[in-house]
Amino acid sequence: MMCENIHSALQTLAAKYAEDQVCVVIDEKLADSGESIIRHPEWPILRLAASEQNKSLHTVQQIWDFLFAQGITRRGLLICIGGGVITDLGGFAAATYKRGIDYVNVPTTLLAMIDASTGGKTGINYGGLKNSIGCFAPPVGTLIWTGWLQTLPAKEMLSGFGEMLKTGLIVEGLWSELMRYDLDTMPLESLQTLIAKCVAAKEQIVAADPKEEGLRKVLNFGHTFGHALEEKSMEAQARSGAEPLDHGYAVVYGMIAELYLSVTKVGCPKEPLQQLSQLMLHYYGKPNCKCSDREALIALMQQDKKNERTAQINCTLIQHIGSPLINQVITPEEANEALEYLFSL
Ligand SMILES: NC(=O)c1ccc[n+]([C@@H]2O[C@H](COP(=O)([O-])OP(=O)(O)OC[C@H]3O[C@@H](n4cnc5c(N)ncnc54)[C@H](O)[C@@H]3O)[C@@H](O)[C@H]2O)c1
């Protein structure tokens, strides 16, 4: 739900719970500004560092310990304030604490607003694989207040815009509006309209297939290659402290590979591939993530949790804008060719 006044929206939602049964987890970067926006001195607050490294079982344990220490019962509410790392972590901790308590998401990044905070997917990274442990557990509400975006760095705005571009490619009637959006100045007013459209599109897809048995897989467009790139960059970060690849950037690179396969395998027109490649070169830059090892990327894709059968790479492709095709099996040779295209740009 889009809201003008986040403070009163939160108070209204929390009023359904006993005063001593409400707790908050918040991105530590937002602790000062966020806590003054919440303005509720009674709610205990746990501050967490948002990073893919921290999206771990250890952090979930920290949240469980915090909930136990506050005496939260099964009638409690956890408020998760932050980007996708915090909402995924908080949602998973809430869904598993005492077999599940209510939680509400207050997304503070563009990416979390249009994607991570809706749809009920929660989870953590495990065994070097992205989101490989988790569950479906929808929040009792998602309160979207775009005021948070005033402090969000341009790089994070572009990361969120990557997921918006994905929505534009899988649903009808949004792509040209996204192509017209001015990424140099990023005006908030027109962005707000686009956010509402992307959220509505996702909610409609999720309502039709909450557990990703069919239709919902369209939302994975760009993510088979994107997740492999992200995992490879997490490996490099753990080894040498290299800069990690943002999720939305990985999705943009993944969409280029999957658009390439959409053109070569299912006859998609070349225009969206050309438009996205140009946009990538202008705003996102080439994938400079020490993750160009194609063999390793293909091995990661073969382990992807989205695959229906072990070692068989499964992708969503598009026939044209607004017409996605799920369950497209990709051979390692085809994956290699798509990566070659991506790295040649
Ligand atoms: N559950 C889902 O359906 C789903 C969908 C897409 C992505 N995800 C997950 O979301 C995560 C990525 O989300 P993200 O990009 O929001 O990452 P994030 O939570 O790491 O936030 C990105 C950065 O922005 C900072 N930040 C957050 N809000 C801010 C603000 N208002 N002002 C300034 N800085 C701010 C954070 O501290 C962090 O450094 C990934 O782990 C991805 O797997 C989940």
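Position one of the sequence shown corresponds to residue 23 (the numbering used here), numbered consecutively onward.
All C-beta atoms, glycine included, are put in the ideal place defined by N, C-alpha and C.
Note that this is a predicted model, so its numbers are computed, not measured.
Between V126 and I85 the beta-carbon gap is near 15 Å, outside 8 Å, which marks them as no contact. In this structure, L339 lies near S284, with their beta-carbon atoms less than 7 Å apart. C-alpha of M201 to C-alpha of S212: approximately 13 Å in a straight line. For V46, the Cβ stays outside the 6 Å cut-off from all heavy atoms of ligand 1.
Here the C-alpha atom of A134 lies approximately 13 Å from the C-alpha atom of G112. Remark: the shortest separation between the CB of G106 and any heavy atom of ligand 1 falls under 6 Å. With contacts defined as CB atoms closer than 7 Å, L364 and I278 qualify as a contacting pair.
The beta carbon of L174 sits closer than 6 Å to at least one heavy atom of ligand 1. Just so you know, the alpha carbons of I352 and D204 end up roughly 35 Å apart.
Note on M256: 16 or more other CB atoms within 10 angstroms of its CB, so buried under the neighbour-count rule. Residue pairing by DSSP puts Q350 in a beta bridge opposite C337. For G270, the secondary structure class from DSSP, reduced to helix, strand or coil, is helix.
Between the alpha carbons of T332 and L151 lies a gap of roughly 15 Å. Shortest Cα-Cα distance from E185 to any of A250, G98, V274 involves V274. Straight through space, the alpha carbons of G169 and T286 are spaced by roughly 42 Å. The Cβ atoms of K254 and L361 lie no closer than 7 Å to each other. For W65, the distance from the CB to the nearest heavy atom of ligand 1 is not below 6 Å.
According to the DSSP assignment, S154 belongs to the beta strand (DSSP E) that extends over 151-158. Not one heavy atom of ligand 1 is found less than 6 Å from the C-beta of A116.
G184: member of the alpha helix (DSSP H) spanning 176-192, first to last residue. Check the Cα spacing between L99 and each of A53, N76, D42: the tightest is with D42. Apart from the 5 residues on each side of it in sequence, L367 sits with its Cβ closer than 8 Å to the Cβ of I278, S299, M302, L303, K308 in its chain, given in chain order. Straight through space, the alpha carbons of I101 and V240 are spaced by roughly 29 Å. Remark: the shortest separation between the CB of L133 and any heavy atom of ligand 1 falls under 6 Å. Closest in alpha carbon position to S73, among V128, I146, M24, A91, is I146.
Around the beta-carbon of N310, fewer than 16 other beta-carbon atoms lie within 10 Å, marking it exposed. Contact between R97 and A159 does not hold, since the beta-carbon distance rounds to 16 Å and is not under 8 Å.
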